[in-house]
Amino acid sequence: MPDFRKALSDGRVYFFDGGYGTFLQSRGLPAGMSPEVFGLERPEVIKSVHQDYVDAGADVLTTNTFGGSRPKLGPDVDVVGLNREMARIARSVAGDNRFVAGSVGPTGHFVRPLGEMTFKEMVAIFKEQIQGLVEGGVDLIIGETHFDLAEARAVVIAVREVCDLPVAISMTFESPSACLTGTSPLTFIDTMQNMGVELMGTNCSAGPEQIFEVLKNMQPRLSSPLLVEANAGLPELDENRNTVFRLKPEPFAEQSRRFLEVGAKFIGGCCGTGPDHIRALRNAVGEAAWQRPVPSDDCQMVLTSRSRSVAIGFEQRGAIIGERINPTGKKVLIAELQKGQFTEAMKFASEQLAAGAPILDVNVGAPMVDEVEILPALTREIFAQHPAPLSIDSTNPDAVEAALWEYPGSALVNSISGEPGRMERLGPLCKKFGAPFILLPIIGSKLPFTCEEKVQVVSDLLRQADELGIPRRLIMVDALALTVSSKPTAARHCLDFIRHCREEWNLPTVLGLSNISFGLPARELLNSTFLTLCQGQGLCAFIANPNSVRLREALYSAEVLLARDPQAEQYIDKYADWTPAGNGGSAAGTGEIKAKDKSGAENLFDAVVKGDRGAIVPLIERDLAGGRDPFELVNGELIPAIMEVGEKYERKEYFLPQLLQSAETLQKGFVRLKPLLEAAGGAEEKDTIVMATVEGDIHDIGKNIVCLMLRNHGYNVVDLGKDVPAQTIVDSAVEHGAKIIGLSALMTTTMVRMEDTIKMIRERGLDIKVMIGGAVITGGFCDSIGADGWSTDAVAAVKVAKELLQ
Ligand code: THG
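One point on numbering: in this note's numbering, the residue at position 587 of the sequence shown is 570, and numbering is uninterrupted.
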């Protein structure tokens, strides 16, 4: 049996198979039936498809288990058994000379706060499926067509908990810059590399030319082999309303060959490709060798959130880690955390981000605060609203673990000290979750002081980390600043140690800046001067209050001097209008241009645009107490705000998470105002829209988002759910007096069912308009079935509804 791990690092290019969906349809898969259940009933068909791919030259066969998870199959199917059986079938065809990849597709659910599911539940779902695939003898697990970073990470964690097979993750990107939930190709790569994922890449996403743009955006920090499976061009509808992919095998192969220039080692096909495409691909590539990708942006570490990467390293700009979400010396914050409230913490979050902190430290350690509960809860609240990666700051390992189970990207673990048992407990966790961490050179209560003492402690900890197989890209060292007022040479030892970490270990360093000046006056002065000295020695990040003007002046000036601010762009942007602080003037008296978005939401419009769920109701109370009219609040602020959000979404400034966040905020506002509007008698009777996913189709994420947006624009939405027969839809529309029916379908096999509803309306002579939507819907299809309107996304759907009602 060949070892897939060897195939990951040898010099060869390997070939995956092509699409299964259309292929299975041509061999008898009925419209609307799950291909996995069909596979159980007709194993010989699956076998023949696998065999055709083997004959075409595929080295890797993908199992027929893309929708083989519990939520997709429902409660009555034996998930483990089905996956085992499908894996066995692929194995029997692949034999001993080819590989079998166990396919794991999206569950159709979102992890909270985007959806209802917890990350742990998502992991459990994948574990069940993967268990079956492993029993059936696959060589690797492949997560395919994922469009949510949290779900992709859940596949990886599930694999690590079930087996020691390698894992491949392939995401689908809506555009070259981001997937549906706002993750860029590069942030995806950063997150997967942190998790030690063996193979990563992209599939589906239109044809080879479009996917090439996605691959280019992955390049700056890519050092792993890539897997690429493009569609045979964009889907189109033929005259019989079947979806067709028109890119022929030769041009598909010619265009896909370019993937090798950007690091592809495994290539194959997705929707619309068949054995002929794979055969052509093999011929076009021939014996070409794998060109190992060489990253252009070399850094020591990367932190990620769902939508952002922050690179840390010697050639990167110094990163401020905002320190203020920390109970030290903050009475109001402590009192709130004890009650499980986060208003003050959220205010610190927005203020620090407005001041320019790229990373936020989150520390809730205070008396009578249950960190195991509060740390993950606050972490979730912050990442739901803000894009900055977080630093999880706690001495309680259970609290750190609980927060890691919530976080969708690569959070920084602050910290792992030399306390006995700490590395054993947290090291494997950081490795599994791909969480970079800070090594704190403290053993028990003993603080190393000299450079030599610190080197000694950190050497020990590094040896432990190596033994646990933790990659160096996850490690940053705390240089441990001690106060110069009691130990005059503390700063000098610290500087020596920072240089040692860089020159001897190539490790980045961080420190809590304020310790250095404890007990002395004008601390900002010492802190910022110390920062500059540290940067000169190679300090990469520091924990501090980003609101300090002087500190930022020192930081941004040093970046110019250390040649990390090309053309002094950042410096000029911030200080073109600078005027020096006057003699005796306050530090805040300098002329730095004020950040616009300084704090939390100040009015309702703002709250909705920012998606500040905590602020909306208190702001409404304030406005009502101030005598403002509820109708004016709705029409003057809430509605214009959601329109603004819609525009931001269309301009791609906002992605799905922000859209949902704002919609939820608005909804909270409506709930508060509704009784007042009704009591005033002026609440207009709003038009009713009946929404449904058509019969045979069980996808409803898109439809749910459209429902949410329509409700937010005041429509009365009746959501009939998924897999709804035309009869039910039309009856319900009549019963509710609906003016519009909205139909959704994801699959090419089910979108044709939309026509049933339209026919029925015409037959019964009803005056109801029909709007349609879904991944594969086009204007041409809309016209051809006689629908009244169609849209590509939830924001556009609202516009269509408005037009239809005029
Ligand atoms: N290394 C690492 N992590 C750390 C530290 C470190 N985390 C905690 C701490 N040190 C860094 N964070 C803070 C947070 C607050 C303060 C200092 C360091 C602080 N608070 C003020 C006070 O005590 O009065 C309150 C000021 C305010 O309102 O902002 O000084 O060294 N890895």
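Every residue gets a Cβ at the ideal spot worked out from N, C-alpha and C, and that includes glycine.
Keep in mind it's a predicted model, so treat the numbers as computed, not measured.
Residue pairing of LEU522 in beta bridges, as defined by DSSP: THR492. The nearest non-hydrogen atom of ligand 1 is less than 8 Å from the C-beta of SER398.
About 19 Å separates the CB atoms of HIS719 and VAL781; that is not less than 8 Å, and the two are not in contact. Non-local beta-carbon contacts of GLU192 in its own chain, meaning distances under 7 Å to residues more than five positions away in sequence, involve GLN238 in chain order. Note: MET16 is not bridge-paired with any residue in the DSSP secondary-structure output.
The C-alpha of GLU633 is placed about 33 Å away from the C-alpha of ILE308. Proximity to LEU97 across ILE261, THR740, GLU647, SER727 peaks at GLU647, based on C-alpha coordinates. Using a Cβ-Cβ distance cut-off of 8 Å, the segment 423 to 439 and the segment 458 to 478 are in contact, since at least three pairs of beta carbons, one from each stretch, lie closer than that value.
The way I'd put it, the segment 302 to 319 doesn't touch the segment 198 to 205; fewer than three beta-carbon pairs between them come closer than 8 Å. About 12 Å separates the beta carbons of GLY521 and ARG547, which is beyond the 8 Å limit, so they are not a contact pair. Taken atom to atom, the span from the alpha-carbon of LEU660 to that of ARG694 is near 16 Å. Taking the Cβ of THR311 as the reference point, at least one heavy atom of ligand 1 falls within a distance shorter than 8 Å. Counting other Cβ atoms within 10 Å of its Cβ, ARG596 reaches 16 or more and is therefore classed as buried. In the structure shown, LEU726 adopts extended strand secondary structure according to DSSP, grouped into three states. In the DSSP assignment, PRO218 falls within the unbroken beta strand (DSSP E) covering 218 to 220.
In the three-state reduction of the DSSP assignment, GLY652 falls in the helix class. With at least 16 other beta carbons inside 10 angstroms of its own, PRO613 counts as buried.
In this chain, MET100 is not harboured by any beta strand (DSSP E), its DSSP state being neither H nor E. MET692 counts as buried, since at least 16 other C-beta atoms from the protein chains shown sit within 10 angstroms of its C-beta. Contact check for LEU343 against ALA332 passes: the beta carbons are separated by less than 9 Å. Rounded to whole angstroms, the separation of the alpha carbons of ARG408 and THR775 is 47 Å.
If you compare the alpha carbons of GLN518, GLY51, ARG482, ALA394 with that of LEU496, the shortest gap goes to GLN518. In the displayed model, SER153 falls within a strand according to three-state DSSP.
A residue is called buried when at least 16 other Cβ atoms come within 10 angstroms of its Cβ; GLN176 meets this threshold and is buried.
Contact annotation: GLU678 and GLY15 have beta-carbon atoms nearer than 9 Å. Using a Cβ distance threshold of 9 Å, THR90 and GLU157 do not count as a contacting pair. Taking the Cα positions, LEU726 is about 14 Å away from GLY762. Cβ atoms of PRO372 and THR492 stay farther apart than 8 Å, at about 18 Å. Under the three-state reduction of DSSP output, ASN699 falls in the strand class.
The DSSP-derived three-state label of ASP259 is helix. Restricting attention to beta strand (DSSP E) runs no shorter than 3 residues, the segment 138 to 188 encloses them at 150 to 154, 182 to 187, ordered along the chain. Spanning the alpha carbons of ILE458 and TYR554 requires a straight line of approximately 29 Å. Annotated three-state conformation of ASP461 is strand, per DSSP. VAL150 places its beta carbon 9 Å or farther from that of GLY184. THR671 is not a Cβ neighbour of LYS705, given a cutoff of 9 Å.
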